[in-house]
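Peer 1: I'd like to ask you about the structure that follows.
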Amino acid sequence: MYKKRSFWLTVVAVSLFFLFIYVAQNSLDAYIIRILNVAAIYVILGVSLNLINGFTGQFSLGHAGFMAIGAYASALLYMSPQLKAMNFFIKPLIWPLSEIQMPFFPALLIGGLLAAGAGFLVGAPCLRVKGDYLAIVTYGFSEIIRVLFNNLQSVTNGPLGLKGLPTYTNLWWSWGWAIFTIFFIKRLIDSSYGRALKAIRDDESAAEAMGVNLLYHKTLAFVVGAFFAGIAGGLLGSLVMTIDPNAFNIFLTFQIVLIVLLGGLGSITGTVIMGAAMAFLMELLRAVEVPMNFFGITIPGIPGMRMLIFSIILMIAVLFFRRGIIGDREFSWEGFISFFKGRPSRGREGE
Amino acid sequence: MELLKIEDLTKRFGGLVAVNRFSLSLSQGDLAGLIGPNGAGKTTIFNLITGVYKPTEGKIIFMNKDITQKKPHQITALGIARTFQNIRLFSKLSVLDNVKVAFHLRLRSNIFAAVFDTPGYSKQELEMEAKAEELLKAVGLLELKNERASALPYGHQRKLEIARALATQPKLLLLDEPAAGMNPEETIGLMRFIQKIKEDFDLTILLIEHDMKVVMGICEKITVLDHGSVIARGTPEEIQNNPEVIKAYLGTGGVYARS
Amino acid sequence: MTWILFLQHLVNGAALGFVFALVAIGYTLVYGVVKLVNFAHGDIFMMATFFVFYGITLFSFPWWLAFAIAIFLTILLGMGVEKVAYRPLRNAPRISSLCSAIGMSFLLENFAVVVFGGRQKPFYQPEVLIKTITIANVRIQLVSIVTVIVSVGALLFLNYLVYKTKMGLAMRALAHDFDTAKLMGINVDKTISFTFAVGSGLAAISAIFWALRYPQIWPFMGVFPGWRAFTAAIIGGIGSIKGAMIGGFSIGLLTILMVAFMPNMAGYKDAFIFVALVLILLFKPTGLFGEA
């Protein structure tokens, strides 16, 4: 009964949301649309990292690396041969990449799959190490991707990066993928597989003793997380139109970690809210770096101030809001309805 | 029928011999006890049987299969389940989900079927739910199925751990100090409970216990371990009168000491 | 390739090896006692060089005084970081303290960008130290030799500290069994503070030698030495001082030799270090000298 009602409410909500997207795409100004696009990408990144860090309890710092793979792979597939030739003026792009061109969607998908493959390659062996070791190994992985992409000139154009990418990313693509990511990962963690992942998080040895194949399930979380990170990378590339290896640095990963932390480890609802909020926050923080005019006195913008404020927020979040904005609670229609009817909700829904 | 056969099992940690040439044979339907002073190597033996540790030497045969080199989850799938000395529940999961996790190894749907909720998966999920509720009913926790596992009182956590172990559909159940931290009344209840599940689920049980009342009360066969080696085997009466055993326990105040 | 050239690279490599070893020991000490990867360690390293920079440019201290003051300030910084960012989270889940360490690293870097500026700054090189001397045709910068001597001295002192003093005993007790040591009446806060002080002191010493060798300092200069030293600590077996020394030493040596003999592959050197790390962790998850 409840299940059926929730289903229809979700359908209605998602339809309304896409109606909003339709209106937004056609009537809002380009600046806002851009922030909304970034918000969707942050949502994808946050939710997919939360699958690994929050639901499976594996501390990964490799998201920027997976994004880089997705961004480069998809860009190299959807760019036109002429555009590629223009970009690769120092060292030509290797065949067959120099000839191929395909539409955005399959390119994006292949980028995601390649990222998932990297997730498998890095995850399967690295997951034998735990905790801090895993964090450092995955961090190392994303740095290595950066080093490789800086050096593999005939594939990635090295530090010059790829410029003038066509802008396919619009609100339909970005939010479409964001909704799909939320759907996929929510369903995953509520399924039998998800219970196994959460069991690993709560107690690895006990999970293993209950027959959960640790290696398989941890790798699964890594592969799924990496896939969506790759997709987000592809969307981001086509949104900002320029990618270079150094854009996918550890700072990007930290941003996503902050989204997950503030949103709440193990809460998709919180992650979605924080992901979207982060896009606006980073935009607001830009203001501190432009010169300001207070009552006739011009205060010059201080370069790096934005990042300093960001890191102070990060520290405050870690030290004082350890459980995130809503802990590990989730949104549910039942909770929502009982809230409006003034009845006390049954507390922890969705777990 | 011989269910479990352990031959000359030895485990060394560096220079320390934790288990020394341990042998044990269990038949279908046995309720056996493993006792010994603290640090005798009892839990190490559980960890060896369940694959958490790999033995230095020796063999473990379960239902005519050599499981010595198998991984813990494979051993669970073959039909050995365990509980832990210091209860290890999935603390953030609900009581019901704790039990459902144990059914996961029998799931026959892939991840996409699970995510997109195909009819095949849906049916299995419903089955899991029903079976888990049945098990919770058997251990008397059905009313608490939506509570967080960590919110349960101690005695209930023990029961939930057993229910979870039963959900893996074991033939052999290893209980690591099930009566630890219980008062005498609870302990008597637990003894009945163990005997009941043994009958109801057609189990073979091996248990480690410090509480001699439990061991002497329900175990048919007892193996006594000291410093990693077997020092005595036999029925409760034989063990009680064995001078070796009394000597081994002297340090902890006699056979009836609870440590 | 002549023997002479090889020897020259070897001396350089050894000096760099010691620099990494000192940084790696900082990671290992802290990890051993509080089981925390101090991600900010590389940035504490960076801060030390800026303390020297401002000691010389702003206060016109003689270089040796600037070095000494910088080491002292870095020690205070390390203890401060522990107090602000790690102590409140000591009983929190591991993931929180890891995030705090990352956040602290980030905070220090961005603080440096805003306050010191993002551009590279020249590091003062005292003439006595950068003189080149020639021994049997092998041309060696004096700084390499000083690095080796001071590092060996620091290591001997560390050995004394950890194995011969009461504080060292407390550190080892905490590393061995945190809870029991606490019950035995060891002053946990003081000991941990002391551990951070020692680690930061070593980082400051190595940072000065690093900057003497590569005399450009900037806010992100700690990232790569930090990551390599951390890798060294893991490869050696985190928690083991001997392991960190050997790990740090070999990574320093290998980096120099690789740049010298395989310049084409130099861009990939961190990739190689990473692969080595993964391989070692796969076969010996606790590193070469780590406890099982």
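Residue numbers (the numbering used here), protein chains in the order written: chain A, 1 to 351; chain B, 1001 to 1259; chain C, 2001 to 2292.
Here a beta-carbon is modelled for each residue, glycine too, at the ideal position from N, C-alpha and C.
Quick test of your reading: T181 (chain A) and I44 (chain A), contact by CB under 8 Å. State the CB separation rounded to the nearest angstrom.
Peer 2: At roughly 5 Å, the Cβ-Cβ gap stays under 8 Å, so T181 (chain A) and I44 (chain A) are in contact.
Peer 1: Rounded to the nearest angstrom, what separates V224 (chain A) and P125 (chain A) at their Cα positions?
Peer 2: Their backbone Cα atoms lie some 16 Å apart in a straight line.
Peer 1: Counting only C-beta atoms, is W2227 (chain C) closer than 8 Å to chain A at any point?
Peer 2: For W2227 (chain C), the answer is yes, since a Cβ of chain A falls inside 8 Å of its Cβ.
Peer 1: Taking a Cβ distance cut-off of 7 Å, strictly less, list which residues of the segment 122 to 138 of chain A are near chain C, in chain order.
Peer 2: The segment 122 to 138 of chain A vs chain C, Cβ under 7 Å: P125, C126, R128, V129, G131, D132, Y133, A135, I136 and V137.
Peer 1: Mind checking which residues open and close the beta strand (DSSP E) that includes G2290 (chain C)?
Peer 2: Looking at the DSSP string, G2290 (chain C) is not in any beta strand (DSSP E), and its letter there is neither H nor E.
Peer 1: Could you tell me the distance, in whole angstroms, from the CA atom of R346 (chain A) to the CA atom of S142 (chain A)?
Peer 2: Note on R346 (chain A): pLDDT 44, under 50, position unreliable in the model; no value is reported.
Peer 1: Near T1223 (chain B), what residues of its chain come up, given a Cβ to Cβ distance below 8 Å and the 5 sequence neighbours on each side ignored?
Peer 2: Hits under 8 Å: L1024, A1032, G1033, L1034, I1035, V1230, A1232 and R1233.
Peer 1: Select from A:L265, A:I231, A:F321 and A:A287 the residue whose C-alpha is nearest the C-alpha of L113 (chain A).
Peer 2: Answer by Cα proximity: A:I231.
Peer 1: I'd like to check one pair, T1044 (chain B) with I1292 (chain B): are the Cβ atoms closer than 8 Å?
Peer 2: In the structure displayed, chain B extends from 1001 to 1259; residue 1292 (chain B) sits before or after that span and is not available.
Peer 1: Evaluate H63 (chain A) with the Cβ neighbour count: other Cβ atoms within 10 Å of its Cβ, from every protein chain shown; 16 or more gives buried, anything less gives exposed.
Peer 2: That one is buried.
Peer 1: In the DSSP assignment, find the unbroken alpha helix (DSSP H) run with S1091 (chain B) in it and report its ends.
Peer 2: Careful: S1091 (chain B) lies outside any alpha helix (DSSP H) and carries neither H nor E.
Peer 1: Tell me whether K1198 (chain B) sits in a helix, a strand or coil according to DSSP, three-state version.
Peer 2: Helix, per DSSP.
Peer 1: Enumerate in chain order the residues of its own chain whose CB-to-CB distance from M2167 (chain C) is below 6 Å, with the five nearest sequence positions on each side excluded.
Peer 2: Within the same chain, M2167 (chain C) has close Cβ partners F2194.
Peer 1: Which two residues bound the contiguous alpha helix (DSSP H) that contains L83 (chain A)?
Peer 2: Where L83 (chain A) is concerned, the enclosing alpha helix (DSSP H) stretches over P81 to N87.
Peer 1: Thinking C-alpha only, which one of C:M2221, C:F2123, C:G2287 and C:T2255 is nearest N2110 (chain C)?
Peer 2: It is C:M2221.
Peer 1: Relative to the alpha-carbon of A75 (chain A), which residue among A:D203, A:L152, A:L108 and A:A206 has its alpha-carbon at the smallest distance?
Peer 2: It is A:L108.
Peer 1: Apply the 10 Å Cβ neighbour rule to Y2214 (chain C) and answer buried if 16 or more other Cβ atoms are within range, or exposed otherwise.
Peer 2: By the 10 Å Cβ count, Y2214 (chain C) comes out exposed.
Peer 1: Can you have a look at Y355 (chain A) and say buried or exposed, based on whether 16 or more other CB atoms are within 10 angstroms of its CB?
Peer 2: The first residue shown for chain A is 1 and the last is 351, placing residue 355 (chain A) beyond what the model contains.
Peer 1: Just how far apart, CA to CA, sit L2230 (chain C) and A2207 (chain C)?
Peer 2: In the sequence as displayed, the identity of residue 2230 (chain C) is Phe instead of Leu. Cα to Cα, F2230 (chain C) sits roughly 15 Å from A2207 (chain C).
Peer 1: Using a Cβ cut-off of 9 Å, pull out every chain A residue sitting near I1111 (chain B), in sequence order please.
Peer 2: L188, S191, Y193, L220 and V224, listed in chain order.
Peer 1: Does S2097 (chain C) pass the burial test, meaning 16 or more other C-beta atoms within 10 Å, or should it be called exposed?
Peer 2: With 16 or more Cβ atoms within 10 Å of its Cβ, S2097 (chain C) is classed as buried.
Peer 1: Nearest by alpha-carbon distance to F1013 (chain B): which of B:A1180, B:M1001, B:F1022 and B:K1054 is it?
Peer 2: Considering only alpha carbons, the answer is B:K1054.
Peer 1: List the residues that DSSP assigns as beta-bridge partners of R2139 (chain C).
Peer 2: In DSSP, R2139 (chain C) forms a bridge with C:T2134.
Peer 1: Here's a check: name, in chain order, each residue in its chain whose Cβ is nearer than 7 Å to the Cβ of I2251 (chain C), leaving out the five neighbours to either side.
Peer 2: Only F2020, R2228, T2231, A2232 and I2273 meet the Cβ criterion.
Peer 1: Leaving aside the five residues before and after D1200 (chain B) along the sequence, list all residues of the same chain whose C-beta is less than 8 Å from its C-beta, in chain order.
Peer 2: Excluding sequence neighbours, D1200 (chain B) sits near A1138.
Peer 1: Which one of A:F321, A:R128, A:L160 and A:I302 has the shortest CA to CA distance from V2115 (chain C)?
Peer 2: Answer by Cα proximity: A:I302.
Peer 1: A1232 (chain B) bridges to which residues according to DSSP?
Peer 2: Its beta-bridge partners are B:V1224.
Peer 1: When you compare the CB of F184 (chain A) with every CB in chain B, is at least one pair closer than 8 Å?
Peer 2: By this cut-off, F184 (chain A) is an interface position.
Peer 1: Name the DSSP beta bridge partners of R1082 (chain B), please?
Peer 2: Note: R1082 (chain B) sits in a beta bridge opposite B:L1174.
Peer 1: Look up V1017 (chain B) in the DSSP assignment and give the residues it is bridged to.
Peer 2: Answer is B:R1012, bridged to V1017 (chain B).
Peer 1: Can you tell me the Cα-Cα spacing of K4 (chain A) and L16 (chain A), whole angstroms?
Peer 2: Straight-line Cα distance between these residues: approximately 18 Å.
Peer 1: Quick one: what's got a C-beta closer than 6 Å to S1079 (chain B)'s C-beta in the same chain, skipping five residues either side?
Peer 2: Looking at the sequence provided, one finds Gly at residue 1079 (chain B) rather than Ser. Here the set comprises P1170 and K1171.
Peer 1: Give the DSSP bridge partners of D1066 (chain B), in chain order.
Peer 2: DSSP lists B:I1061 as partners of D1066 (chain B).
Peer 1: Examine chain A for any beta-carbon lying closer than 8 Å to the beta-carbon of D2270 (chain C), and answer yes or no.
Peer 2: Yes, D2270 (chain C) lies at the interface with chain A (some Cβ there is under 8 Å from its Cβ).
Peer 1: Less than 6 Å between C-beta atoms, sequence neighbours within five positions excluded: which residues of the same chain meet that for L314 (chain A)?
Peer 2: Correct list, in chain order: L258.
Peer 1: From the beta carbon of T1043 (chain B), is the nearest beta carbon of chain A less than 8 Å away?
Peer 2: Not one chain A Cβ lies under 8 Å of T1043 (chain B).
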